[in-house]
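In our numbering, each residue's number is its place in the sequence shown (first place is 1) plus 1.
C-beta: ideal position from N, C-alpha, C; glycine also.
Read through the structure below, which is laid out as structure tokens, and then see the notes.
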Amino acid sequence: MNIITGMLFFALAFRMGVASMPSVVGAAIPGMPAWEAGIQPGDVIEKIDGEKATSYMDIIRSSAFSDGDITMEGTHLNGEKFEVTITPDRTGTRPQIGLIPANSLKIPTFQDPGASVTSKGTAAAKAEPSFLQGDTFRTINGEPIENYAQLQRTFAAKSNQTLKTGVNRKGTPATEIVEITVGNNPFRSLGLMMDIGQIESIQEGSPAARAGLKVGDKITHIDGKDVGKALNPLRLPNYFSEKAGETVPLVVKRQQDAANPTEVNLNVVPLDNPAWLEHPVYPNTPLAVGSLGIAFHVIPTVLKVEEGSPADKAGIKPDERIKKIKIMLPENETSADWGGMPEVSYEFDDKNVNWANAFWEIQMRPGWPVELTVSNKRQLREVKLTPWVDPNQQPGEQWSLPVRGI
Numbered sequence: 002m003n004i005i006t007g008m009l010f011f012a013l014a015f016r017m018g019v020a021s022m023p024s025v026v027g028a029a030i031p032g033m034p035a036w037e038a039g040i041q042p043g044d045v046i047e048k049i050d051g052e053k054a055t056s057y058m059d060i061i062r063s064s065a066f067s068d069g070d071i072t073m074e075g076t077h078l079n080g081e082k083f084e085v086t087i088t089p090d091r092t093g094t095r096p097q098i099g100l101i102p103a104n105s106l107k108i109p110t111f112q113d114p115g116a117s118v119t120s121k122g123t124a125a126a127k128a129e130p131s132f133l134q135g136d137t138f139r140t141i142n143g144e145p146i147e148n149y150a151q152l153q154r155t156f157a158a159k160s161n162q163t164l165k166t167g168v169n170r171k172g173t174p175a176t177e178i179v180e181i182t183v184g185n186n187p188f189r190s191l192g193l194m195m196d197i198g199q200i201e202s203i204q205e206g207s208p209a210a211r212a213g214l215k216v217g218d219k220i221t222h223i224d225g226k227d228v229g230k231a232l233n234p235l236r237l238p239n240y241f242s243e244k245a246g247e248t249v250p251l252v253v254k255r256q257q258d259a260a261n262p263t264e265v266n267l268n269v270v271p272l273d274n275p276a277w278l279e280h281p282v283y284p285n286t287p288l289a290v291g292s293l294g295i296a297f298h299v300i301p302t303v304l305k306v307e308e309g310s311p312a313d314k315a316g317i318k319p320d321e322r323i324k325k326i327k328i329m330l331p332e333n334e335t336s337a338d339w340g341g342m343p344e345v346s347y348e349f350d351d352k353n354v355n356w357a358n359a360f361w362e363i364q365m366r367p368g369w370p371v372e373l374t375v376s377n378k379r380q381l382r383e384v385k386l387t388p389w390v391d392p393n394q395q396p397g398e399q400w401s402l403p404v405r406g407i
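Take a look at the structure:
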């Protein structure tokens, strides 16, 4: 994983960005040093090791050529000042801290004037009137939008709502606003509830850190509910976001020694952070719960199959394990029909266990069928199924993506 690749993945996910704001953070990759230090989308990095930061390239250079810790000073989106010390990750080809630059509020203009600015199959592609090249976001539901981070947070916080987005068309007066109605993008699932992995990373000063959670803890119960059977690990970002400001009891399994794990009871008070604002865009990126400040992997071992779901109809059973997933183009369609979106496949083993990343890739390809290689400990079999939007959800209450497909 490197910074340049990170930018490409991020642009693919949001499909809106050419101009980067100077020294402004678009995303902190969960589990990476900057994320652990508490850097957030919208943070402005003003100084690096005491020197003024004038462009985002200063951030890239500071990590790529560092031979020690990096001190960053700046301002959070809420106006608070911060100073953090970050130890770059040196496990790759170059030191990294895991930041991606912010985009502007302006939808890019392409060489092909007829090229779509929305992703096929998404709510944005169905918006009325259409989003166009060169549009600049100005308002959402009549409220002004000042920067890209605010746009991200608003889309995420109101993920299951239909929104009225106000844009300024290219070449028109800045005061002329066109209102575009855009719906929500429901999550598409297979109906599988997987096992939760141990906590991989905790943000400094987060609710999780204050509550006494530790790296290596495995959350087994929340509010008395079994994680993996009563609560879907993939929905924990939403669960905790909806309980912002409340005291939530947890039970974790803590490995005191190799033979005797201990159950520990803790209470945590989540922050008001939108769910899924931080995406698991890489195969090794853990799923972040931004309202707690933790990140964990989702293990591809099936604990429960939702009745009537695609997985249920395909005959997948609890305790089976997914060994491979292939996300395939719809029949008679090509990658070009989807803006160059490729087919992807992932194999899972003891070291590669991040189901959350595969799940995110399903969301980026709405309606694409998948092929799973399933193991029941005795044999392997392949099953084909198409992700669904759970029909049991009420309108306005759908579990929905934090992005609209722009």
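| said: Less than 7 Å between the C-beta atoms of L402 and Q364, yes or no? | reply: In the sequence shown, the residue the question calls residue 402 occupies position 401. In the sequence shown, the residue the question calls residue 364 occupies position 363. Yes, Cβ-Cβ distance for L402 and Q364 is below 7 Å.
For this session: Taking D224 as the reference, give the member of W339, K314, K244 with the closest Cα.
Result: Along the sequence shown, read from residue 1 onward, the residue named residue 224 stands at position 223. Restricting attention to W339, K314, K244, the CA atom closest to the CA of D224 is found in K244.
Q) If you draw a straight line from the alpha carbon of T166 to that of F138, how long is it in whole angstroms? A) As a working note, residue 166 is residue 165 in the sequence shown. As a working note, residue 138 is residue 137 in the sequence shown. Straight-line spacing of the CA atoms in T166 and F138 works out to 7 Å.
- Message: From the DSSP secondary-structure annotation, give me the bridge partner or partners of K244.
- Response: Taking the sequence shown and counting its residues from 1, one reaches residue 244 at position 243. Note: K244 is not bridge-paired with any residue in the DSSP secondary-structure output.
Using 7 Å as the threshold, is the C-beta distance between I46 and G27 below it? Against the sequence shown, residue 46 aligns to sequence position 45. Against the sequence shown, residue 27 aligns to sequence position 26. One thing to note: I46 has its Cβ no nearer than 7 Å to the Cβ of G27.
field: Integer Cβ distance of F188 from W400, believed to fall under 8 Å
entry: Walking along the sequence shown from the start, residue 188 turns up at place 187. Walking along the sequence shown from the start, residue 400 turns up at place 399. At roughly 5 Å, the Cβ-Cβ gap stays under 8 Å, so F188 and W400 are in contact.
Check: Hey, would you say P31 sits closer than 7 Å to P287, going by beta carbons?
Finding: What you label residue 31 is simply residue 30 of the sequence shown in a count that begins at 1. What you label residue 287 is simply residue 286 of the sequence shown in a count that begins at 1. Contact: yes.
**Request:** For Y347, write down the residues that DSSP places opposite it in a beta bridge.
**Result:** Residue 347 sits at position 346 when you count from the first residue of the sequence shown. According to DSSP, Y347 bridges with I326.
Is the segment 376-391 in contact with the segment 334-354, if contact means three or more CB pairs nearer than 8 Å?
Contact fails between the segment 376-391 and the segment 334-354, because fewer than three Cβ pairs, one in each stretch, are under 8 Å apart.
#### Entry: Candidates D273, A296, A128, of which the one nearest E279 by Cα
As a working mapping, residue 279 is identified with position 278 in the sequence shown. Checking every option, the nearest Cα to that of E279 belongs to A296.
> Given T123, which residues of its chain have a CB within under 7 Å of its CB, disregarding the five upstream and five downstream residues?
Replying inline: Here residue 123 corresponds to residue number 122 of the sequence shown, with the count starting at 1. Only residues of its own chain outside the window of five on either side were considered, and among them N186, P367, R405, G406 have a CB closer than 7 Å to the CB of T123, listed in chain order.
>> Looking only at its chain, what residues have a beta carbon closer than 8 Å to the beta carbon of N268, apart from the 5 residues adjacent to it on each side?
In response: One-based indexing of the sequence shown puts residue 268 at position 267. A212, T248, V249, P250, L251.
(message) By the three-class DSSP mapping on this structure, what secondary structure does F456 have?
(response) Past the boundaries of the shown model lies residue 456; the chain is included only from 2 to 407, so the question cannot be answered.
Among all the DSSP beta bridges, which residues are the ones paired with A337? One-based indexing of the sequence shown puts residue 337 at position 336. In the DSSP assignment, A337 is bridged to no other residue.
Q) Contact check, D59 vs I71 under 8 Å by CB: the rounded distance? A) Indexing the sequence shown from 1 puts residue 59 at position 58. Indexing the sequence shown from 1 puts residue 71 at position 70. Wrong, their Cβ atoms sit about 11 Å apart, outside the cutoff.
Close Cβ partners of A289 (< 6 Å) along its chain, the five nearest in sequence each way excluded: The residue labelled residue 289 in the question sits at position 288 within the sequence shown. Closer than 6 Å at the Cβ level, and outside the excluded window around A289, lie P31, E279, A296.
request  = Could you have a look at Q41 and say whether DSSP puts it in helix, strand or coil?
outcome  = Counting from 1 along the sequence shown, the entry for residue 41 is found at position 40. Q41: coil per DSSP, three-state reduction.
From the DSSP secondary-structure annotation, give me the bridge partner or partners of P187. Counted from its first residue, the sequence shown places residue 187 at position 186. S401.
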